[in-house]
């Protein structure tokens, strides 16, 4: 089955169907990026003409004027958000196009940006203290990762909890959580069964069913237990990299430090994709701070 199409950034010379329709645009884009595929990705909306994404060596073609890849990134995000669309990739040579925008890098950043405070809470609740490891055969190529992410991949060579991963890779806990979210989305993460029993231990009992009581130790008033910390506050503390017993002074100090480091205006030379990522982190930080200061 041949395809002959053109766009402002390049031209498809020939192609054969290589992959069927997919349900997730961003995951297909990630696969095309990591396999360094070449061809045309067809996006068919529920109504209207299809859109073509030209791909060469795992990167989409964009115009010479799109030096920072802002137009390419915005277009890919729009296609991923398209409701009811179907996607199919056809292999083949692609001509033209002066600039390449890596699909694997875009997919990773796009997936991580979707991890807001609510999603963080759900993910932390799911993984808890379970050991995390890379799924054999799905390990991301190091060439597509940043230095901090490479350290996390190395740490995940054996089972690690989220806290251990952040400490070993020397990254903030929220950064580790974002990367875990990405690995889980692309099927590269394996969760070991929880090592914590769901049932509390049962004290030994006599054959009659009556528990043994030391007569020298009379029962006293039940110890006072502190109220459990809401899950949303636990996640908020994790975003700020603090223990759940941190006081307001430590919360304010951590917030100011992270807000200073993550503010987009502190990074004037970064591209549009990185700037949006910083904006998302800052929004998550603000939400976490508001949660903790609300009491």
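Numbering (my numbering), first residue to last: 348 to 642.
C-beta: ideal position from N, C-alpha, C; glycine also.
{"Query": "For residue 437, the first and last residue of its enclosing beta strand (DSSP E)", "Result": "433 to 438"}
{"Query": "Three or more C-beta pairs below 8 Å linking the region 439 to 448 and the region 385 to 395", "Result": "yes"}
{"Query": "Uninterrupted alpha helix (DSSP H) stretches inside the region 390 to 435 (no shorter than 4 residues)", "Result": "417 to 427"}
{"Query": "Length of the line joining the Cα atoms of residue 423 and residue 393", "Result": "17 Å"}
{"Query": "Residue 569, DSSP secondary structure in three states", "Result": "Confidence at residue 569 is low in this model, with a pLDDT of 47, below 50, so the placement of that residue should be treated as unreliable; the coordinate-derived value is given next. Residue 569: coil per DSSP, three-state reduction."}
{"Query": "Meets three-Cβ-pair contact criterion under 8 Å: the region 523 to 532 and the region 466 to 474", "Result": "yes"}
{"Query": "Same chain only: Cβ atoms within 7 Å of residue 635, ignoring 5 sequence neighbours per side", "Result": "464, 583, 586 and 587"}
{"Query": "Start and end residues, alpha helix (DSSP H) containing residue 494", "Result": "494 to 502"}
{"Query": "Neighbourhood of residue 629 by C-beta, 8 Å cutoff - its chain only, sequence neighbours within 5 removed", "Result": "606, 609, 610 and 611"}
{"Query": "Same chain, Cβ closer than 7 Å to residue 460, five either side skipped, listed in chain order", "Result": "623, 624 and 627"}
{"Query": "Contact check, residue 377 vs residue 450, beta carbons under 9 Å", "Result": "yes"}
{"Query": "Between the CA atoms of residue 489 and residue 482 - distance to the nearest angstrom", "Result": "15 Å"}
{"Query": "Same chain, Cβ closer than 6 Å to residue 598, neighbours up to 5 away in sequence not counted", "Result": "639"}
{"Query": "Helix, strand or coil at residue 590 [DSSP, three-state]", "Result": "coil"}
{"Query": "Cut-off 7 Å between Cβ atoms - residues of its own chain near residue 698, not counting five sequence neighbours on either side", "Result": "The structure shown does not extend to residue 698, since the chain is modelled only from 348 to 642, so the question has no answer here."}
{"Query": "Residue 391 vs residue 436 beta-carbon contact at 9 Å", "Result": "no"}
{"Query": "Buried/exposed call for residue 494, threshold 16 Cβ in 10 Å", "Result": "exposed"}
{"Query": "Residue 396 classed as buried or exposed, judged by whether at least 16 other C-beta atoms fall within 10 angstroms", "Result": "exposed"}
{"Query": "Extent of the continuous alpha helix (DSSP H) run through residue 480", "Result": "Premise fails: residue 480 lies in the beta strand (DSSP E), 479 to 481, not in any alpha helix (DSSP H)."}
{"Query": "Contact check, residue 507 vs residue 479, beta carbons under 9 Å", "Result": "yes"}
{"Query": "Within 9 Å, strictly: CB atoms of residue 512 and residue 502", "Result": "yes"}
{"Query": "Exposure of residue 405, with buried meaning 16 or more beta-carbon neighbours within 10 Å", "Result": "buried"}
{"Query": "Pair within 9 Å by beta-carbon distance, residue 380 and residue 452", "Result": "yes"}
{"Query": "In DSSP terms, what residue 602 is bridged to", "Result": "For residue 602, which the question treats as bridged, DSSP gives no partner whatsoever."}
{"Query": "Residue 467 burial status per 10 Å Cβ neighbour count (16 or more: buried)", "Result": "buried"}
{"Query": "Given residue 525 as reference, the closest of 538, 499 and 537 once Cα atoms are compared", "Result": "499"}
{"Query": "Anticipated Cβ contact below 8 Å, residue 401 with residue 408, distance rounded", "Result": "4 Å"}
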